[in-house]
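In my numbering, the protein residues as written are 25 to 301.
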């Protein structure tokens, strides 16, 4: 498949499954503004490469005038994994800028805690910093519908709170920078189908720590959520959609407590203060 054929598959064959949900999220959440310069962060996986192609398309034919950079952080990939990323970028027609870091080595040397969580935090910081050096005001990540739903369930079952990934987020460590997730409403199964249709092979997790340690905590918990959703969908096919919708429809009249700006409010206290509870 040529880059042009792969691009057409997004607009034509997967228009309903990928292109329309992508465009809807961009508009609904105000992810792209006139004059933005956005760094599309490519990890080497199917999600981030699809995001790169969608962003190229909307930049070329959309209603906004904005700039793009496609950045790849090499946190210590094996030569074979880095080569695969470079080959896919060439096949897809994505002009990547690669920079290096020592994240894998740093995470591998830390005892205790979640290596996946630490790696994600460190990656985010490096990406913000490099994007800023490139003159960008936003970074775009490839998180999708399934990530959002699984995160909401993980937060409830393991974090004892109701929250999920937001489609747009201000950086607290890099003022003036924002994170956006344009694939917010695109399902993972459709991304997999798109990759298979175009005979594309991408990286999964290339971390040498997780290659060595089976059943890593973060991924095992996400697998639990995937299995739970699949089980419930046998009885309610709309289950995952309803979790997604519920994150847009929190009923404070039926909520015992909520936190905003670090302040926790109990529903009885809200009534005393004259707020709607």
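Even glycine gets a Cβ: it sits at the ideal position worked out from N, Cα and C.
Measure from the alpha carbon of residue i to the alpha carbon of each residue in the options, then state which is nearest.
i: residue 200; options: 152, 221 and 291; result: 152
i: residue 161; options: 203, 188 and 292; result: 203
i: residue 188; options: 182, 174, 196 and 198; result: 174
i: residue 157; options: 186, 123, 171 and 146; result: 123
i: residue 165; options: 69, 111, 281 and 126; result: 69
i: residue 40; options: 214, 155 and 259; result: 214
i: residue 67; options: 110, 29 and 59; result: 110
Identify the continuous alpha helix (DSSP H) that holds residue i and give its terminal residues.
i: residue 268; result: 263-270
i: residue 158; result: Where residue 158 is concerned, there is no enclosing alpha helix (DSSP H), given that its DSSP letter is neither H nor E.
i: residue 178; result: 169-183
i: residue 52; result: 44-52
i: residue 107; result: 103-116
Provide the residue span of the beta strand (DSSP E) that contains residue i, from first to last.
i: residue 87; result: Per DSSP, residue 87 belongs to no beta strand (DSSP E) and is neither H nor E.
i: residue 164; result: 162-164
i: residue 211; result: Note, residue 211: premise wrong, no beta strand (DSSP E); not H, not E.
i: residue 31; result: Premise fails: residue 31 lies in the alpha helix (DSSP H), 27-35, not in any beta strand (DSSP E).
i: residue 204; result: 202-204
i: residue 192; result: 192-194
i: residue 61; result: 61-65
Under 9 Å, do residue i and residue j count as touching if we go by C-beta distance?
i: residue 78; j: residue 46; result: yes
i: residue 108; j: residue 167; result: no
i: residue 272; j: residue 33; result: no
i: residue 74; j: residue 209; result: no
i: residue 192; j: residue 211; result: no
i: residue 291; j: residue 279; result: yes
i: residue 97; j: residue 224; result: no
i: residue 155; j: residue 63; result: yes
i: residue 8; j: residue 264; result: In the structure as shown, the chain starts at 25 and stops at 301, and residue 8 therefore has no counterpart that could be examined.
i: residue 38; j: residue 57; result: no
i: residue 27; j: residue 117; result: yes
i: residue 245; j: residue 182; result: yes
May I have the straight-line CA-CA distance separating residue i from residue j, to the nearest angstrom?
i: residue 252; j: residue 145; result: 27 Å
i: residue 197; j: residue 150; result: 11 Å
i: residue 65; j: residue 179; result: 25 Å
i: residue 284; j: residue 54; result: 22 Å
i: residue 2; j: residue 266; result: The chain is shown only over 25 to 301; residue 2 falls outside these bounds and no answer can be derived.
i: residue 105; j: residue 99; result: 11 Å
i: residue 281; j: residue 275; result: 11 Å
i: residue 51; j: residue 147; result: 27 Å
i: residue 270; j: residue 186; result: 10 Å
i: residue 259; j: residue 293; result: 39 Å
Leaving out five residues on either side along the sequence, give the residues of the same chain with a beta carbon under 8 Å from the beta carbon of residue i.
i: residue 61; result: 90, 91, 92, 93, 158, 159, 160, 161 and 162
i: residue 216; result: 70
In its own chain, which residues sit with a C-beta less than 7 Å from the C-beta of residue i, not counting the 5 before and 5 after it?
i: residue 31; result: 77 and 81
i: residue 261; result: none
i: residue 49; result: 55, 191, 206, 208 and 209
Taking 6 Å as the limit between beta carbons, can you name the residues of its chain near residue i, skipping five residues before and five after?
i: residue 43; result: 34 and 35
i: residue 239; result: At residue 239, the pLDDT of 46 sits below 50, so the modelled position is not reliable; the number obtained from the coordinates is stated separately. Here the set comprises nothing.
i: residue 237; result: Low confidence applies here, because residue 237 scores a pLDDT of 49, under 50, leaving its location unreliable; read the following figure in that light. Within the same chain, residue 237 has no close Cβ partners at all.
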